[in-house]
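Counting from 1, position 370 in the sequence shown corresponds to residue 370 in my numbering; the numbering is continuous, with no gaps.
Using N, Cα and C, we set each Cβ at its ideal position, and we do this for glycine too.
What follows is a single structure, written as structure tokens, with notes after it.
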Amino acid sequence: MSVDRPNESGWIGELGGGVIGRPPYCREVAESGHVDPRIGAVLANTLLTMPTTTMNDLVRMRANLLFDGPDARSKLSKFWVLLVLASCIAAAGVMADSTATVIGAMIVAPLMTPIMGTVVAITTSDRANLIRSVLLVVGGAAAAIAVGYLMGLLAAIPIVADTSSQVAGRVQPRLIDLLAAIATGAAGAFAQCREDVADTLPGVAIAISLVPPLTVVGLTLEGGQPSQAWGAMLLFLTNVAAILLTGIIVMAMFGVHRHAADDDPTLSRKTAVSVVVAFVVIIAIPLGLATYALSRETQQLSSVGSVAKQWVDGTDWIIVDVLNQERQTTVVATGPLPAPDTDELRVLLDANDLAGLDVLVRLGPEERVELPGN
């Protein structure tokens, strides 16, 4: 690479056989050391200019996401068949504790379609399709829960957090789940607005996870764990809220609303957006509380674990686990008899600002048998 000195028209250089140039005001900045406001304007224009959609893009999105027109019956039958099949696959994957099967259900599940259809209907002030899409989301969610409940009746044991890691991973949503769903929802809306990145939609379907949490709701209800069912339902609502919010924002950035027909006077776009924002805020409250509680629980378990290790220090006993079981902190220890004095553990806990914490200690004495060889 060879670079020449600035000339009257700007900086001229050669890179790979081509010529690079820069505007005169860039040369002025280099010489004077002062920032020319024209540079900021150029950068702002580059960063803020978004590609806009065309009327053809809106027609394509409506055809893909809305359940109206002459193909409505075909679209509805496809939706319900795929939803029931995806729910069966998801429930079976959760029951078998199979991640691969659950991922397959995410790809098959069609529930993202009416949710994004709701976004398009709000953006274009289409009241009829808004109602239709919302009803499909609600009906589809109810159907997935019902399938999960019925599949749970076939299980030999209750399918709950203690028996399936697939359940355990979906019953304690946190704020980080909302943040992940927001990013994923934005990717999904972007893929709808830009046909050239539509191949990312399977990845979006996997990341957002709509049907598996619903089947977990049904399975845990059948297993007698309503609190876990609520956690899984909260995860689903979190994902829906994130898709709606980011979908509206992304489609507004792409100017989808500019291609809509005359606004329906019975549907205020501003009111609909306000409802979505309120929905997200309401969902964020229990997520924030759950995140705080989980963080506090994690810190508490860490403190108890450190104290428990001090308790068995100098003995042949080891701390196997420190966990919360049925909302009670439990210390699991094992070793040869005699067991360490549990009163000493209580004293250590009290001395480490854990005086108000009830702790259950499970001791598993070891029996060692030596089998000498011949």
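Residue range of the alpha helix (DSSP H) that residue i falls in?
i	result
Arg296	269-312
Gln228	226-253
Gln172	No alpha helix (DSSP H) holds Gln172; DSSP gives it neither H nor E.
Asp343	342-351
Relative to the alpha-carbon of residue i, which residue among the options has its alpha-carbon at the smallest distance?
i	options	result
Trp317	Val147, Pro338, Leu214	Pro338
Val216	Ala142, Leu267, Ile243	Ala142
Ala355	Arg269, Gln300, Pro372	Gln300
Val59	Thr271, Ser303, Arg194	Arg194
Thr238	Ile182, Lys270, Gln225	Ile182
Asp177	Pro372, Leu234, Gly224	Leu234
Ala229	Ile145, Pro286, Leu287	Ile145
Asp313	Leu294, Gly288, Ala293, Asp341	Asp341
Ala232	Ala168, Ala198, Arg258, Ala189	Ala168
Val322	Leu153, Leu363, Gly373	Leu363
Quick check on the DSSP output: the beta strand (DSSP E) that includes residue i runs from which residue to which?
i	result
Gly335	328-336
Arg362	359-366
Asn324	318-325
Given residue i, which residues of its chain have a CB within under 7 angstroms of its CB, disregarding the five upstream and five downstream residues?
i	result
Asn129	Leu66, Asp68, Gly117, Ala121
Leu202	Per the sequence shown, residue 202 should be read as Pro rather than Leu. Here the set comprises Ile107.
Gly148	Ser87, Ala91, Leu214, Thr215, Val216, Val217, Gly218, Leu219
Leu85	Val108
Ile157	Thr163
Are residue i and residue j closer than 8 angstroms when you measure CB to CB?
i	j	result
Ile103	Ile206	yes
Ala290	Gln172	yes
Thr200	Ala191	yes
Met112	Leu214	no
Leu135	Pro110	no
Val280	Ala241	yes
Gln166	Gly93	yes
Gly223	Val277	no
Arg174	Leu245	no
Val204	Ala187	yes
Glu370	Pro336	no
Asn352	Ser303	yes
His257	Thr123	yes
Leu221	Arg127	no
Ala198	Val250	no
Arg269	Ser74	no
What whole-angstrom Cβ distance do residue i and residue j have, given they're in contact under 8 angstroms?
i	j	result
Val361	Leu345	7 angstroms
Val119	Gly305	In fact, because the Cβ distance is near 46 angstroms, the residues do not count as touching under 8 angstroms.
Ile89	Ala63	At roughly 27 angstroms, the Cβ-Cβ gap does not stay under 8 angstroms, so Ile89 and Ala63 are not in contact.
Gly333	Val320	In the sequence as displayed, the identity of residue 333 is Ala instead of Gly. Confirmed, about 6 angstroms.
Pro114	Ser98	No, Pro114 and Ser98 are not in contact; Cβ-Cβ is about 27 angstroms, not under 8 angstroms.
Ile208	Ile243	7 angstroms
Return the chain-ordered list of same chain residues with a C-beta closer than 6 angstroms to the C-beta of residue i, the five sequence neighbours on each side being excluded.
i	result
Glu8	Model confidence at Glu8 stands at a pLDDT of 42, short of 50, so the residue's coordinates are unreliable; what they give is reported in the following sentence. Closer than 6 angstroms at Cβ, skipping near neighbours: no residue.
Ala155	Met95
Arg170	Pro213, Val216, Ala232, Leu235
Pro140	Residue identity check: residue 140 is Gly in the sequence provided, not Pro. If we look at Gly140 and ignore the five residues flanking it on each side, its Cβ neighbours are Leu83, Leu111.
Output yes if chain E places a C-beta closer than 8 angstroms to the C-beta of residue i; else output no.
i	result
Thr342	Protein chain content of the structure displayed is limited to a single chain, and chain E is not contained in it.
So, at 8 angstroms on beta carbons, what are the nonlocal neighbours of residue i in its own chain, with the 5 sequence-adjacent residues on each side left out?
i	result
Asn324	Glu297, Leu301, Thr330
Ala100	Gly93
Leu357	Gln300, Val304, Thr329, Leu349
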